[in-house]
Amino acid sequence: GANKDETLICCLYSKASQGELGWISYPSHGWEEISGVDEHYTPIRTFQVCNVMEYSQNNWLRTNWIPRQSAQKIYVELKFTLRDCNSIPLVLGTCKETFNLLYLETDDDQGSHFREHQFSKIDTIAADESFTQTDLGDRILKLNTEVREVGPLTKKGFYLAFQDVGACVALVSVRVYFKKCPYTVRNLATFPDTVPMDSHSLVEVKGLCVNHSKEEEPPRMYCSTEGEWLVPIGKCLCNPGYEERSNTCQMCRAGFYKSALGNLECSKCPPHSFSHHEGSLHCGCEKNFFRAEGDPASMACTRPPSAPRNVISSINETSVILDWSWPEDTGGRRDVTFTVLCKRCRGVTANGSNSGTQRCEPCRSNVRFLPRAAGLHNTTVTVGDLLAHTNYTFEIEALNGVSALAPKMRQYAAVTITTNQAAPSPVTVIRKEKTSRNSVSLSWQEPERPNGIILDYEIKYYEKEEQETSYTILRARGCNVTLNGLKSNTAYLLQIRARTAAGYGASSPTFQFETSPDSFSISSESSQVVLIAISAAVAIILLTVLLYVLIGRFCCRSKSKHPDEKRLHFGNGHLRLPGIRTYVDPHTYEDPSQAVHEFAKELDASCIAIDKVVGAGEFGEVCSGRLKLPSKKEICVAIKTLKGGYTDKQRRDFLAEASIMGQFDHPNIIRLEGVVTRSKPVMIVTEYMENGSLDSFLRKHDAQFTGIQLVGMLRGIASGMKYLSDMGYVHRDLAARNILVNSNLVCKVSDFGLSRVLEDDPEAAYTTRGGKIPIRWTAPEAIAYRKFTSASDAWSYGIVLWEVMSYGERPYWEMSNQDVIKAVDEGYRLPPPMDCPATLYQLMLDCWQKERNNRPKFEQIVSILDKLIRNPGSLKITANTTSRPANLLLDRSSSEVPSMGTMGDWMDGMRTLPCKEAFSGVSYSSCDTLAKTSTEDLKKVGVTIVGPQKKIVSSLKALDSHTKNGPVPV
Ligand code: ACK
Numbered sequence: 001g002a003n004k005d006e007t008l009i010c011c012l013y014s015k016a017s018q019g020e021l022g023w024i025s026y027p028s029h030g031w032e033e034i035s036g037v038d039e040h041y042t043p044i045r046t047f048q049v050c051n052v053m054e055y056s057q058n059n060w061l062r063t064n065w066i067p068r069q070s071a072q073k074i075y076v077e078l079k080f081t082l083r084d085c086n087s088i089p090l091v092l093g094t095c096k097e098t099f100n101l102l103y104l105e106t107d108d109d110q111g112s113h114f115r116e117h118q119f120s121k122i123d124t125i126a127a128d129e130s131f132t133q134t135d136l137g138d139r140i141l142k143l144n145t146e147v148r149e150v151g152p153l154t155k156k157g158f159y160l161a162f163q164d165v166g167a168c169v170a171l172v173s174v175r176v177y178f179k180k181c182p183y184t185v186r187n188l189a190t191f192p193d194t195v196p197m198d199s200h201s202l203v204e205v206k207g208l209c210v211n212h213s214k215e216e217e218p219p220r221m222y223c224s225t226e227g228e229w230l231v232p233i234g235k236c237l238c239n240p241g242y243e244e245r246s247n248t249c250q251m252c253r254a255g256f257y258k259s260a261l262g263n264l265e266c267s268k269c270p271p272h273s274f275s276h277h278e279g280s281l282h283c284g285c286e287k288n289f290f291r292a293e294g295d296p297a298s299m300a301c302t303r304p305p306s307a308p309r310n311v312i313s314s315i316n317e318t319s320v321i322l323d324w325s326w327p328e329d330t331g332g333r334r335d336v337t338f339t340v341l342c343k344r345c346r347g348v349t350a351n352g353s354n355s356g357t358q359r360c361e362p363c364r365s366n367v368r369f370l371p372r373a374a375g376l377h378n379t380t381v382t383v384g385d386l387l388a389h390t391n392y393t394f395e396i397e398a399l400n401g402v403s404a405l406a407p408k409m410r411q412y413a414a415v416t417i418t419t420n421q422a423a424p425s426p427v428t429v430i431r432k433e434k435t436s437r438n439s440v441s442l443s444w445q446e447p448e449r450p451n452g453i454i455l456d457y458e459i460k461y462y463e464k465e466e467q468e469t470s471y472t473i474l475r476a477r478g479c480n481v482t483l484n485g486l487k488s489n490t491a492y493l494l495q496i497r498a499r500t501a502a503g504y505g506a507s508s509p510t511f512q513f514e515t516s517p518d519s520f521s522i523s524s525e526s527s528q529v530v531l532i533a534i535s536a537a538v539a540i541i542l543l544t545v546l547l548y549v550l551i552g553r554f555c556c557r558s559k560s561k562h563p564d565e566k567r568l569h570f571g572n573g574h575l576r577l578p579g580i581r582t583y584v585d586p587h588t589y590e591d592p593s594q595a596v597h598e599f600a601k602e603l604d605a606s607c608i609a610i611d612k613v614v615g616a617g618e619f620g621e622v623c624s625g626r627l628k629l630p631s632k633k634e635i636c637v638a639i640k641t642l643k644g645g646y647t648d649k650q651r652r653d654f655l656a657e658a659s660i661m662g663q664f665d666h667p668n669i670i671r672l673e674g675v676v677t678r679s680k681p682v683m684i685v686t687e688y689m690e691n692g693s694l695d696s697f698l699r700k701h702d703a704q705f706t707g708i709q710l711v712g713m714l715r716g717i718a719s720g721m722k723y724l725s726d727m728g729y730v731h732r733d734l735a736a737r738n739i740l741v742n743s744n745l746v747c748k749v750s751d752f753g754l755s756r757v758l759e760d761d762p763e764a765a766y767t768t769r770g771g772k773i774p775i776r777w778t779a780p781e782a783i784a785y786r787k788f789t790s791a792s793d794a795w796s797y798g799i800v801l802w803e804v805m806s807y808g809e810r811p812y813w814e815m816s817n818q819d820v821i822k823a824v825d826e827g828y829r830l831p832p833p834m835d836c837p838a839t840l841y842q843l844m845l846d847c848w849q850k851e852r853n854n855r856p857k858f859e860q861i862v863s864i865l866d867k868l869i870r871n872p873g874s875l876k877i878t879a880n881t882t883s884r885p886a887n888l889l890l891d892r893s894s895s896e897v898p899s900m901g902t903m904g905d906w907m908d909g910m911r912t913l914p915c916k917e918a919f920s921g922v923s924y925s926s927c928d929t930l931a932k933t934s935t936e937d938l939k940k941v942g943v944t945i946v947g948p949q950k951k952i953v954s955s956l957k958a959l960d961s962h963t964k965n966g967p968v969p970v
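Start counting the sequence shown at 1; every next residue gets the next number (full-length UniProt numbering).
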């Protein structure tokens, strides 16, 4: 039979050719049509000729007319046997061993009409083999197969002819066919049967996409002259809902889906979805499960989350921190957020139980949520600016991408709280009603949030020129006041703050007014009186000036005033006091070794005995040892060494610390004993601090000190820092790790490596050489533009304060430096450490004021801490919040920690209140009990240093006598 890619168009072949074929044989004794059997004894029909005995043979056999069909080139396959002449005895000379194959093209069948010369020869056909040997040794005729191509053909049909010239041939089979590229499906495109071209060029064929598919790129193939398909290009893709199965696109089965065009298989429906029909593009969600817009078809159907769990509230005056746990069921989604709804409720008892019906209304719009009320990613929120003594219910709902689709399935957790008492918010609106030369009438509006009944208002005013160095305070019950006795034609500044049972609120913004100028158009009757008054005033002024000069002289001579006292005003600027030594930057020396010898004593190495290594410093080891100077007692010392192989610069930087340290002399600054520079190793020798650095010391003794002990340490650090800032020295690296502790728990500031002088030139802060900045300890302005000042040291002091109160916890825990910078910049501040007294936390917050001029001066810090030491009871009021991870950093702006807005307010509050109030709300510690505090009591609370003890007790006595007689002195 024909091969797949061959189309048979003729003629004589085995079983198919039964009966007479009707071929023409000429002359008649030439080719004969004979029936026989093949090697399998199947009957066959053959044409034979074998006139080998006679000369000049020319026998023709012509086929019937063969229509060409679409073929341009045809193939003729002949099967024949041909006896070789040697096998036939006595025929030598006439016998031939070939025959000719010829053809003739015509447009129509010419019947029996036959002319030899019209035929063209295709080839002379010879046998490859004539006989084969059988196993039995017989020689049998071998069947030869020869194929010849004919073309290009142009007419409608043709004849073939076989010319014998004297051979012994039997034609067993003649197959005439042409080749074609058969119908095929490639890349989901069908290609039809294609007949190749006769020439050597290929036929380009376009394919058609199978049913339920689409062209991705037009499918094409080439049909070669040999009938082979070549180079498939482009393809078709099964439509959505269909997948490729054996060259066709078939519908997805039920339970499967395919949402996109492509030759992917159909996918099984994802969890909680189904497809009942064949050919599904996607699967529908089961009941109570949903798909959010934008969810891919491959995603499981999901549902709204369950309610948040374990809601905890911690109330701080009029703000509350809400904390909760993730819902048990997130509904199968990751996009869970939380929303907090605030309701103000009446008819609810403080413990949250219902006392009858509860009436709730949405909270006022000025309630503040931090970071926000909706779309929370963390499980906590701080709600501020609530009303004092008010019941609130918070509904906390977990939401995910499908919550909006299932409003009925949404659940929330509710918590009911009652806010505490809080100081009033500041007065914001002040109006000038009437002005004259010596008086002014003012009115103002009650604060937006009084948080209770306003007892009175405090009005503080001063001449603008005098910069708060002296001021007057008045109290008013209502919202107006008239200030008398003012100077004419003078600018005044004024601040008002309200007071409730909860204490003073923050001060109003500063309000400025001017009194009227003197007028000289005085009426004649009063002119005399005025004249007398003016003369009297001039006389008084002259007298005052005289008195001033006299008193001034006396004071200078007697030096009765401590220089520090002059600074007890409440201005903001840094005042350099005349007469106080200032610090000299060793870097300003041309020859730095000169600086070392100016400020540090050169020691002989033989006076130093090194005992052991206690740590590693920046430049080499830190050792402990002993120093024995001639005619002095041996003392324990710490020895910093400069390791070998140092560069000149390293030696200079190493010794710079000694040059700096050598300029200081204060009980809370590490004392320099001297340096060794003339022999090696180069050493810096300082006093020995038995308990090492403060941070590790605190970690080692977690929760082992009393509040008073901690405050005592902090007081020492502040005092050392006050000394440094008075010297004009900015430390830049104040941190617990740079504080050393001795056996008496005395803390001393050390590490003067990073430090640089603060020059008068404001640009000086910018032009420091590069270097690492300890981000967590450094004020924002110092990080941002290297503005290092004593105010930035105060910020660092706040961090040290936090480190101390949390026993060496790492500030901002594991937050990255970048996150710390960002959080601080956005107003977040560290939360109070566990059991931290509220006053100390307030002090921290004051140190962390963004505006550096609002931070307390070290002098003020020392005095605050002194007051606390005098009044240990006040340490019992804690700041409520425990140490928490980073997301609970407090935002200064929303958490109204204690009510004082700035350090100034805080100080004012301390200064002007009677004793009981001075210690901010200490309800149980009356002034009487304070005065009875004896040295023994102080020992009990941990003040063990003899000097300060005496001072504290005497201060308390002084305090007591003032309490009995009136207000506390400033
Ligand atoms: O925490 P420490 O034991 O105390 O480990 C460090 C280490 O050297 C590297 O600075 C210790 N150290 C530094 N200066 C002194 C000193 N004057 N007295 C005692 N130990 C010191 C510090």
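Backbone N, C-alpha and C fix where the C-beta goes; we use that ideal spot for every residue, glycine too.
- At the C-beta level, G873 and D695 stay beyond 8 Å of one another.
- With a threshold of 7 Å, the Cβ atom of I669 does not count as near the ligand ACK, since no heavy atom of the ligand is closer than that.
- Beta-bridge partners of P67 (DSSP): G157.
- Boundaries of the alpha helix (DSSP H) around A784: 780–785.
- With a 10 Å radius around the Cβ and a threshold of 16 neighbouring Cβ atoms, K408 comes out exposed.
- Setting aside the 5 residues that flank it on each side, L714 is surrounded in the same chain by L801, V804, L865, each with a C-beta closer than 7 Å to its C-beta; the list follows chain order.
- Contact between P833 and I877 is absent: CB atoms are separated by about 14 Å, not below the 8 Å threshold.
- With fewer than 16 other Cβ atoms inside 10 Å of its own Cβ, S631 counts as exposed.
- Straight-line spacing of the CA atoms in R776 and N484 works out to 50 Å.
- Unbroken alpha helix (DSSP H) runs of no fewer than 4 residues, entirely contained in the stretch 683–727, are found at 694–700, 707–726, following chain order.
- Going by C-alpha positions, T339 is about 40 Å away from A736.
- Between the stretch 510–518 and the stretch 484–502, the count of C-beta pairs closer than 8 Å reaches three or more; the two stretches touch.
- Here G873 carries a helix assignment [DSSP, helix/strand/coil].
- Three or more beta-carbon pairs drawn from the stretch 153–161 and the stretch 61–70 are found closer than 8 Å, and the two stretches are therefore classed as touching.
- Annotated three-state conformation of P837 is strand, per DSSP.
- Look at L740: its beta carbon is less than 7 Å from one of the heavy atoms in the ligand ACK.
- For the stretch 226–290, the continuous beta strand (DSSP E) assignments of 3+ residues that do not extend past its boundaries occur at 229–238, 242–245, 248–251, in sequence order.
- Ranking E851, R359, N239, C636 by CA distance to the CA of E216 puts N239 first.
- Annotation for V862: A718, S719, K722 place their beta carbon closer than 6 Å to its own, counting only its chain and skipping 5 residues before and after.
- Closer than 7 Å to some heavy atom of the ligand ACK: that describes the Cβ of E687.
- Close CB contacts of V336 within its chain, under the 6 Å cut and outside five residues either way in sequence, are with P305, T330, A398, N400 (chain order).
- Only residues of its own chain outside the window of five on either side were considered, and among them K180, C181, P182, Y183 have a CB closer than 8 Å to the CB of D193, listed in chain order.
- By the Cβ neighbour-count rule, G227 is buried, with 16 or more other Cβ atoms within 10 Å of its own.
- Out of E244, L734, F47, the CA that lies nearest to the CA of T789 is found in L734.
- Boundaries of the alpha helix (DSSP H) around I799: 790–805.
- Under DSSP, C11 takes part in a beta bridge, and its partners are R175.
- Going by DSSP, A638 is part of the beta strand (DSSP E) stretching over 635–641.
- For E77, the enclosing beta strand (DSSP E) stretches over residues 74–82.
- Between the stretch 47–57 and the stretch 29–37, the count of C-beta pairs closer than 8 Å reaches three or more; the two stretches touch.
- By a beta-carbon distance limit of 8 Å, S679 contacts A605. Their separation comes to about 5 Å.
- G505 is classed as buried because its beta carbon has at least 16 other beta carbons within 10 Å across all chains shown.
- DSSP lists S313, V381 as the bridge partner or partners of L322.
- The way I'd put it, the stretch 239–259 does touch the stretch 273–281; three or more beta-carbon pairs between them come closer than 8 Å.
- The criterion of a C-beta distance shorter than 8 Å is not satisfied by S439 and E433.
- Taking one beta carbon from each stretch, the stretch 408–425 and the stretch 445–452 have 3 or more pairs nearer than 8 Å; the two touch.
- Residue pairing by DSSP puts F338 in a beta bridge opposite L376, A398.
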